[in-house]
Structures are given as C-alpha cells and as structure tokens.
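For reference, the structure is listed below as structure tokens.
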Amino acid sequence: MVRRWKDARNGKRYRDGQAGNLDGKERKEEEPLVGRKSTHDMTQSHEVLAMMDAHTTTFGRTKGCTISRCGAFLFATIFLISLVVTGLLVYHYAPCFEEKIQSCEALRDSFGFQIERTLPGKSATEKKINVRLPKSIIPDSYELRLIPFIWEGNFTFNGEVTIVVNVTKSTKNVTLHAIDMKIDESLTSIQEFSLTNNRTKPIAIVEQKNDTERQFLVIKTSDTLKEGKQYVVHLKFVGQLNDYLQGFYRSSYTIGNQTRWIATTQFQATDARRAFPCFDEPAMKAKFQISIGRPRNMTSLSNMPRKGQPEPIPGLPTYEWDHYEQSVPMSTYLVAFIVSDFEMLKSESRNFSVWARKEALNQSYYSLDIGPKILEYYENYFKIKFPLPKMDMVALPDFSAGAMENWGLITYRETAMLYQERVSTSSNLQRVATVVAHELAHQWFGNLVTPSWWSDLWLNEGFASYVEYIGMNAVEPTWKVLEQFVVNDLHSVFGLDALQSSHPISIEVEHPDEISEIFDRISYEKGASILRMMDHFLTTDVFKRGLTNYLTEKAYQSAEQNDLWNALTKQAHKDKVLDPSITIQQIMDTWTLQTGFPVVTVTRNYLNGSATLTQERFMLQNNTMITTEESKLLWWIPITYTNENELNFNRTRPNHWMKAEHSIILPNLNATSHQWVIFNVLETGYYRVNYDKTNWQLIIKQLNKDNFRDISTINRAQLIDDALNLARAGKLDYAIALDVTSYLAHENEYLPWKAALTALNYLDDMLIMLPGYDKFTVYTLKLLDNVYKQVGFTDKPGDPQLTVFTRVDVLNWACTFGHDDCVDNAVNQFYNWRKMPDPDTNNPISPNLKSVVYCTAIRVGSQVEWEFAWQRYLNTNVGSEKDLLLQALGCSREVWILSRYLDWAVTENSGIRKQDATRVFGSVARNIIGHPLVFNYLRNKWSRLREYFGTSLTLINNIIKSATRGINTKSELKDLKDFIAMNKDKLESATRTVQQAVEQAEENIKWLDNNYATIRDWLQRNTA
C-alpha cells in the first residue's frame, strides 16, 4: 500500500505537511455484533475461574466451625500443589513475554484462552490483550456472497459466507473475526465434512457471542471438532456501507446535481472483518469464491475474472449476480470488490484494464501505458510470471491511502492513478508512475509471499518502496529516479529514525491500533533504504537471484524475515560474495531489530595515511542521556570510500566491514594529507558520516573549486545533508556545516539543492520568529541567485525532469522570501488567468509553475484571489489540480479566511472530501500566520476531530503532525503537554505521534539555546 506522503516530492514546504501514514478514522463505541452483550471474555479461562470460585466457596464455608487438622492439612496440600502448578505455567508461558509470542500459540490454543502481556515500549501497567486468533482452526476456502444497497440510500449490505475450515487441534470453539455487522444467529451452522463420501453432518451450536475488544466472533459447539477433520461454517449477516474509508464502504461523485454512488473496499490491515466474518490474519491464506449482487445498470469487479453470465437475484428484480472464479490462496486483506458505474480502458498487450469515472477516464492513458510494461519488467526481474489471469486498476474518488495492492484489483486515489496532459504537473506524472510501480511490485512481495504477521510489514512495504524505483526506471530512464531515491526516501527517513521515539523496522505488534502505527516511514523508507544497501553490498545479480529463490520457495505461503535472510545467504555463499562464516541474518538483524542508525566518525592520521572509524547511534537530541542499552547498539556497516586521487564514485561493494564493533582502523586511505576522502559512496549505506575538522575543510575547499563536480552528484547531496544534520545534533560546528552550503551559489543540479533546501527548511522553521531571520533570508537568496537565473520562471518544453523539479523548488523558496522578479511573475500570471473568458477550462499557467503561482498570488492577495481559487477547486474535474489548489488555499495571510478554511475541512458537504482534510491542515500549518490556528484547533476542537474522522489513524495523526511542527518555545510545549494530559485516555493510536511531537519540540527548544547565537553570528559575517 502506498501512503499519502508519497504525494509530495517537490516544493519548499510540501514534505512536512504531507508526511504521514494511512488516512483513516477513529473508532466509535460499538454495539455487540451478535446476540446478547456479555461482560465476560468468551474463553475457557472463565470456566476455569468459575471452577476455582466454586472450590473456594466449599473450602471457606465454615458454618460456625473451625477447620480441623485434616482440613488444614488438605488446604495446605492444595496450596502447595497450586504453587507447583503456577510454577509450571510460568515456566511454559515465560516465552510468551518475550518478543516472539508465536512459540506459545500451541499452548495457548490447548488451554483455549488468550494471554495478556506487556508489549515492547509499554510500561508494566500498560498491558494490552493479545488479539491473535487461536491456530486450532485454519481456513481452507471461502464462498462469499454480498449485495450492497447503494441506490436505495440506506447504505447497507447483505452477506452470506461459507467457510471450509481445517481443524489442526481438537476444540469446541470456532473463533474468527467479525465487527460492525449483525449476524443472524438462527442461520449460523457448522457441519462436519467427509472427504471420502462428500457428506456432511450437522454440529450443534451451544452459543454464539462476540468479544468486541478483540473483534472476535466465538461460536461454541456441543461436540468437539476433531483434529484432522474438515468442517463447513455458514453465516448470514447484514453490514453498513460506512463513510470512514475502511472495510466495505461507500464513495460518491457528482455529475451536475446528481450523486453517483460506489461501494468499494479497503481491508489492509485489519478491516476485512468489517465486510464479512473471516480469519483476518495475513498468514491464514485461503481460496476465495466471490459473488457480488449489483444493480443491473452498474458493474462489479473483484480479484479474479468474472465467470459465466450474470444471474437474476430472486426477489430483487433490478439486481443480478456476478460470479467470479475461485482465487489462488491469499490473505483476507488482499480481497477486494467494487460496485460502480465506472468505465474501462483495456490494454492491447495483455489482460490489463484501468477503470475510472467516465468524465475522468481520458486521464487513465498514462497508467494504462506503463502498467503492463512494469508488470512485464517485474516478471523478468523476479523470474516469476504474474500468477493471475487479469489485472484491473481503479481510480476512486474517496480512498484513505495512496493506493492498495489488492491482488488483481488495485485501487487508487484519483491523484495516484490519473494524469491529465497540459493540466497535471511533471511531479504528478512521476507520482502516478511511482504508485503504479509500487503496487505492482506488491503482487510478488506481499501478495505471492506474505509476511506471517504484521511485525514484518516492512517485508511488504520496504520491498515495494525500493522496487518501485527499479520498475519506474525501466519505463522512464531519463528521470534518474534511482538517484532521486537518496533525497526522497533516505534523507527523509533519517529525520524520523534519529528520534528517541523511533522504532525497529521489525517490531512486535498485536492490537489493530499498534498495527496501524507501524505503517510509517520506518517500514516504508527505512525498509527500502536497507534493501538498497543490501543490493549494493551483495551486487544486484546476487540480490535478484536470492529474491527469486525466496519467492519461489515461499509462493502462496507466508514468511518471516529470516526466510529471506536464509535465501540470500545461500545465494551469497554460492556466488562467493560473502565470507562463508558470515550470514545475512548476522548483518541485517542489526538493521531490522535495533532502533535507529549509526553515524560513522572518520578521524584521519595525516602523518601515516591511516584513519580510525568509530560508530555510535545518531540522534538529533544531542543533550539526551543515552541509556546503557542504547550505548551498546552496534551495526554491521559496509564501509565504502574514495579520495581525491581515485575519484571512484562507482564502486559500492564494501572496502571494509565494521562488524558490529565500536571502532576499526583502516591502515591506508591512499590519500595524502592535502587530499580529501569521502565515505559512503553514492550514500548506499544507511548511515551518516562525520569527519575530523581538517578533512571537512579539504572537502569545503574542493566544493568551492570550479571542478566541484568531481564529487558525484549524490555525494554532494550527502555532504550537505550530513553536515547540516550533524550540526543540528551537536556533532559538528555549525560554522563548518554552513561553510559546506556556501558552494551552492554555483550549484544548479537537483539532488544537492533538494538536500540543501530540505535541511535549510529546519533553520527556516526555527529562525522565522527571531531577530536574525532577515540575515537568513538574505543568505538564502544569495545562494539562490545563480540557480534562479539558470532555471528562470519559464517552463520550457523538453526540459529534463530534474531541471523541472529544481525550478519548482527554487521558485518556491524565492517567492516565499519575497524575490521581486519571482513574486511579480507569479502575481501577473495569476491575474491573467483570472481575466480569461472561461477560467475553468482555459488556464494559461504552465502546470509545473502552478504551485508557485497559486500560493504566491493568494499569499500577497486578498479575499478576491482566495475566492477565485476556491471556485476553481470546486469546478475542476482533475484530481491533481484539486490537490494543488487545496494546498495553495492555505497560503492566505487573512486569519479569518484560514479559520474558515479549517472549519470547512471538517464539515460535511463543504466541498472538501474527508480524505483531503489533512491537506488543508497541513497547508495552513506551513503558513507562519496559520500555524497557531491549527495548533489551537487541535487543542480546542479535539472532540470534533475525533467524531468527524472516526477510527482513522492517519488523518488524525497527520493533523497532529501539522499542528505541532516547528514548536520551539517553552510556552507552546507546555500547551502541548497540557493537551496530551487532558486527552491521555482518548489518544489511542495517536500515542506514538504525540510522543514524537513532544520529543521534537523539546529538541527544538534545546537547539535554539545551543545554536542560535552561532548561526546568527555566522550569517552576520556572511551577509555583510
């Protein structure tokens, strides 16, 4: 699944506001799913407790008599036996409190109750229930029938599911997932199925109850379901097509005054259970036979092709059934179905189709062009054919994430799949290619082979986030996307992973809230970054062969990261690129099971040519006390370097390894005392590099020469990013870091500028309210002067992608800082647009310049400009254009307009879709005038936000991130902590986000205390 933050690749302030996870909503209080409400856990543990209570009553009932010696002896004996039993239970259950609870599942199943445990990172008093299903029953196949009623206006759906299950351990409970639906208990049945004669025998049901906390439906049987036998479970139910963008939900669009409705799905991670009762865990794969009832004037889609002709539905004359072929074994979160009136375009090369609203279908041609090409490229890359007979891609008006990799039926936000030539930007085009490549990569990583549990979500998302670049490069090689990875993903995730509140890539999670929390940049971008590192230290050929072996061995099954490590180790040893005594697990566990990443400090001996390398965890909180455990964190680090003699920026195989050791000595760097050395060639390693002062000065000297391009473009970007962030963390003098940036006055390539502007954005946020800010703007405009002249304010046809991106970034900063030529151009172009006879269809502004022009004109304009842009937002049929306008509308300097805009974002039928609300909050928060408004809105209207977004995690989390970005005063921090204290019981899945917000605010305050004077003085000297 692609997360929403992938939208923004360009623009001065776009990344922070769009960072986030999955758009979603908070849960409301729920009624029981079925039958009467029970205050007890429906597990056998309560039967055990009841038996204990009965015995206690018997032994404690004295009826006025004292206990005899025999009675006392008997009591003491029972007490001792209980101690022994308790000891045995603790012995057996102890592993359950370690990181891998799976080892206890068999024992848990045999007792029939769930174990509570303290999760990593939680206090002992913060125990959470274990929500894993017992493994005593495993699904084999589903036959699912659903009829959504979307025209009638009641937005319900009727469902019927028949599940064939295999019993792996005898039990009297059938426990599966179901939530937000009403099950007709009178029609529930369980039958034993005989494989020999195809006969069934009814099994009596004693009780059906729901465990709402675990989202379980528990069916208790009179007879024992026997190990090795197969049974058929049948249920009928009614559900609600919600408007929370999860489970089976409703979406809509309008044509004129008519509303058109859509029923569609979003199940990852734990929302298939909202559409039908199921075993909703990724490892519980099964085959699916799906039938969808739909109005005759609409179409339906599912994972597999439709078989036969539609059939009438008795009693529903306007509806008919679509029956679909049985699927390959797959996880419930990959099941999908859609009912709509969309239209379709089909590829000529293979069974590949794109679907969209009729009015937007002509925006699908680019997706249809690259989709089959990328799919075919992946078949060759993985050496495994795409296993399904067809592929459909659908653009939905309302969708929580960027896209979802449902097997054979990928769903997208419109902005992630549709591109309108001469309206959408080059960035929009690249986003479409990125997301299509990401979701198609999932068809192998995630769909064919699925992580056994969400702890290894990164195996899905990290791989897709890395391979997307490879797939995109195959169809758009001129974009240089493999180079862009460094500034888009690597530098981006460094910022999050340098926080105390970061987490390992592979992390134990149980509750759905915890699962949702890890759909973040650590799983996506850090996962992608360490895979890129591995690709380079193993070589691409070995890496690819290892992946093919892994996918082939685990096809249609689930896997853990150790399965991948084993496959890669075997291939690495076979091809002799790894010492036989070393395994991939040894190396990579240090990157996936530990929090954070290292900084390697290089201290050169200029007399003998050697260097000492030391490693430690890199953290932005330079004054934070490092715990004993954190001080022991060490990584296996592939060391690469080059020097002024060699200028070899192509070799990315390691020169040396730091084998989880604190320091090593490299005896000879092959450089004289007057020559620089640069480590981490092409920044393929997931680590920062610091140098002694002399080597930094040698690098700065080289950067300020005419031949500064002798240093590769990627490493120039690395030097800027490392220097400014090392200074931010207190590990490098800010004077040196800012000296590194001085060469930018002669730089005109995208990667170094992107790295610089991203890092300088932090200085901008911190200094903007302080007296020395004028010097910062003068210095920045001085750096921008030459590149501004180079790129200009004209979008030239045929410009390379990276030139376009450079122009957009440079103009955004220049206009924001009041560059006269920039502001004048933007205002004039916006004015000319307003005067067009039909501004809704005739826009003279070049698509790539729209973000600059719109925001600048609205910022320096008045209500007139804002209202004009708002009307264009309401009228446009192009999703990417809506997105640009939505961002620009937050640029106004009118406080009342911004306040109204925030209110509209959380108001039904205002014109702003729920999925886009965070765009509004993010845009207003990036405005220095608007940020306090967003922060106050969060504090004062928290209940309204929670009610509007329901159980959605990402929408709420993104608003928190927007509201708290840039906090750097003690009064603001106090307000934030007061807000958290007042709502500590209501934060739920936003807990990690607010922890990170507090941590970042505390660091900002310390940073100002430590660095403001130094930076002010440096800027004074360099702008005189």
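238 is the number that UniProt numbering gives to position 238 of the sequence shown; each next residue is one higher, with no gaps.
Beta carbons are placed, not taken as given, at the ideal position from N, Cα and C, and that holds for glycine.
All values reported here derive from a predicted model rather than from experimental measurement.
Helix, strand or coil at residue i [DSSP, three-state]
i    : result
G930 : coil
E644 : coil
A356 : strand
M417 : helix
K25  : Since pLDDT at K25 reaches only 31, below the 50 mark, its modelled position is unreliable, and the value read off the structure follows with that caveat. DSSP places K25 in strand when its eight states are reduced to three.
Q114 : With a pLDDT of 32 at Q114, under the threshold of 50, the predicted position of this residue should be treated as unreliable, though the coordinate-derived value follows. Reduced to three states, the DSSP call for Q114 is coil.
T259 : strand
K236 : strand
F868 : helix
F618 : coil
Q208 : strand
T57  : Caution is warranted here: a pLDDT of 33 is assigned to T57, below 50, making its placement in the model unreliable, and the coordinate value is therefore given only provisionally. Helix.
M51  : A caution first: M51 carries a pLDDT of 32, below 50, which makes its placement in the model too unreliable to give a value.
T918 : helix
I768 : coil
D774 : helix
K182 : strand
H40  : Residue placement at H40 cannot be trusted, given a pLDDT of 33 that sits under 50; the coordinates are not used to answer.
E143 : strand
C104 : Because C104 sits at a pLDDT of 35, beneath the cut-off of 50, its placement in the model cannot be relied upon, and the following sentence gives the value as read from the coordinates. Residue state, collapsed to three classes: helix.
G129 : It is worth fixing the name first, because residue 129 is Ile in this sequence and not Gly. Residue state, collapsed to three classes: coil.
G159 : strand
K632 : coil
K346 : strand
Burial state of residue i, where buried means 16 or more other Cβ atoms lie within 10 Å
i    : result
D774 : exposed
K285 : buried
K12  : At K12, the pLDDT of 37 sits below 50, so the modelled position is not reliable; the number obtained from the coordinates is stated separately. Burial call: buried.
H674 : exposed
A403 : buried
Q615 : buried
R413 : buried
W896 : exposed
R944 : exposed
N645 : exposed
V354 : buried
N608 : exposed
T806 : buried
P295 : buried
A275 : buried
A729 : buried
Q363 : buried
A759 : buried
Y366 : buried
K526 : buried
T118 : Because the pLDDT at T118 is just 30, under 50, the model does not fix this residue reliably, and the value given afterwards should be weighed accordingly. T118 should be labelled exposed.
Bridge partner(s) assigned by DSSP for residue i
i    : result
G247 : Q266
F396 : Reading the sequence as shown, one finds Leu at residue 396 and not Phe. In the DSSP output, where bridge partners are listed per residue, L396 has R413.
P387 : DSSP output for P387 lists no bridge partner at all.
F193 : T200, Q230
F793 : Partner(s): none; F793 has no beta bridge.
H177 : F216, C278
L225 : T171
Distance between beta carbons of residue j and residue i, contact taken as under 8 Å
i    : j     : result
N643 : V677  : 4 Å
Y734 : W1018 : 7 Å
W453 : A283  : 7 Å
T590 : A660  : 6 Å
Which runs of the beta strand (DSSP E), 3 residues or longer, sit entirely within the region 268-335? For secondary structure counted as the beta strand (DSSP E) over 3 or more consecutive residues, the region 268-335 holds these complete runs in sequence order: 287-295, 299-302, 311-313, 316-323.
Contiguous alpha helix (DSSP H) assignments of at least 4 residues, all confined to the region 542-614: If we require 4 residues or more, the alpha helix (DSSP H) runs fully inside the region 542-614 come out as 561-574, 584-592.
Every unbroken alpha helix (DSSP H) inside the region 968-1003 [4 residues or more]: Every alpha helix (DSSP H) of 4 residues or more that sits fully in the region 968-1003 is shown, in chain order, as 970-982.
At what residue ranges does the region 476-538 contain a whole run of the alpha helix (DSSP H), taking only runs of 4 or more? As far as the region 476-538 is concerned, its whole alpha helix (DSSP H) runs of at least 4 residues are 481-485, 491-497, 512-517, 527-538.
Contained beta strand (DSSP E) runs [length at least 3] in the region 648-732, N- to C-terminal order: Listed in chain order, they are 656-659, 663-666, 677-679, 688-691.
Fully enclosed by the region 841-868, which beta strand (DSSP E) runs are 3 residues long or longer? Counting only runs of 3 or more, we get nothing.
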